[in-house]
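Note sheet for the following structure.
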Amino acid sequence: MKAKIYQPAKSATQSAKSDFWLLEFNSQDKPIIDDKMLWTSSSNTQDKVKIRFSDKDKAIKFAEKNNIDFIVVEPKQRKIKPKSYADNFSPNRKTPWTH
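Structure below.
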C-alpha cells in the first residue's frame, strides 16, 4: 500500500496557506457491508491514518525510515492576475462596459 505525502489545500474559511504536510495511506479496498446491521467496515484500517508533519522533508524521512512506499504530491501554484478598479473604465478595455 502506498502513502501520499501532500500539503492540504486551505479551507474556505482560511486566508493563509496551510503550513503543514500530511502522510496519508491510500487504500483500494472496498468496504465490507454487514447484511444484518448494514454497517460498513474495512479489513484495512490504515486508510484512516493521517500523520501531520511540519515540513515535507520530515515526512519523507519518516516514510523512508519505516519502509513505507510513498509518492509526493507538490502543491499547485496559483497564478494571480493583478487587477485594478480603474481598468473597468479604461479606453483600451477589450469588452464594452455593461450594467
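Numbered per this note's numbering, the sequence shown spans residues 378 to 476. We treat Cβ as the ideally placed atom computed from N, Cα and C, and that holds for glycine.
Using the Cβ count rule (16 or more neighbours within 10 Å means buried), how would you classify Ser-409? Numbered from its first residue, the sequence shown carries residue 409 at position 32. Checking the sequence shown, residue 409 turns out to be Ile, not Ser. Per the 10 Å Cβ criterion, exposed.
Which of the three DSSP states, helix, strand or coil, is assigned to Ala-389? By 1-based counting over the sequence shown, the position of residue 389 is 12. Three-state DSSP puts Ala-389 in coil, outside helix and strand.
Is it right to say Ile-382 is buried, meaning 16 or more other beta carbons lie within 10 angstroms of its own, or is it exposed? Along the sequence shown, one-based indexing puts residue 382 at 5. Counting Cβ neighbours within 10 Å, Ile-382 comes out buried, since at least 16 surround it.
Report yes if the C-beta distance between Phe-402 and Ser-431 is below 8 Å; otherwise report no. For the purposes of this step, residue 402 is taken as residue 25 along the sequence shown, with counting starting at 1. For the purposes of this step, residue 431 is taken as residue 54 along the sequence shown, with counting starting at 1. Not in contact: Phe-402 and Ser-431 (Cβ atoms no closer than 8 Å).
With Ala-380 and Phe-447 assumed to form a contact (beta carbons below 8 Å), what rounded beta-carbon distance in angstroms separates them? The residue you call residue 380 lines up with position 3 of the sequence shown. The residue you call residue 447 lines up with position 70 of the sequence shown. Right, the Cβ-Cβ distance comes to about 4 Å (below 8 Å), so this counts as a contact.
Rounded C-alpha distance that separates Lys-458 from Phe-439: Along the sequence shown, read from residue 1 onward, the residue named residue 458 stands at position 81. Along the sequence shown, read from residue 1 onward, the residue named residue 439 stands at position 62. Taking the straight line joining both Cα atoms gives about 38 Å.
Helix, strand or coil at Glu-401 according to DSSP, with G and I counted as helix: Taking the sequence shown and counting its residues from 1, one reaches residue 401 at position 24. Strand, per DSSP.
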